[in-house]
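Engineer:
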Amino acid sequence: MTQIVWQKSSFSAQGSNCIELGRPADGIVMLRESAEPDTVIATSAARVGALVRAVKAGKLAV
């Protein structure tokens, strides 16, 4: 199995309260909370992009 390299935003603090992203395969994006690394959500890159665009546009409360 391929090792997943997890990344977090450069805007995140060094604590364990961050969203991390991993890309195990083409088109798949995995999300996890750094404080709960065993809980992982897998989705598509397109859906993560739609989420980011909605947040930036102010369509979702953050």
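Read in order, the letters of the sequence shown correspond to residues 220 to 281 in the numbering used here.
The beta-carbon is built from N, C-alpha and C at its ideal position, and this holds for glycine as well.
Small disclaimer: the values here were computed from a predicted structure and weren't measured.
1. Three-state secondary structure (DSSP) at I241?
2. Restricting to runs no shorter than 4 residues, where is the alpha helix (DSSP H) found entirely within the region 253 to 278?
3. Can you tell me which of the three DSSP states V224 falls into?
4. Shortest alpha-carbon distance to G246 belongs to which of G277, A265, A276 and Q233?
Structural biologist: Let me lay it out:
1. In the sequence on display, residue 241 carries Gly and not Ile. G241 falls in the strand class under three-state DSSP.
2. If we require 4 residues or more, the alpha helix (DSSP H) runs fully inside the region 253 to 278 come out as 264 to 275.
3. DSSP places V224 in coil when its eight states are reduced to three.
4. Out of G277, A265, A276 and Q233, A265 has the C-alpha closest to the C-alpha of G246.
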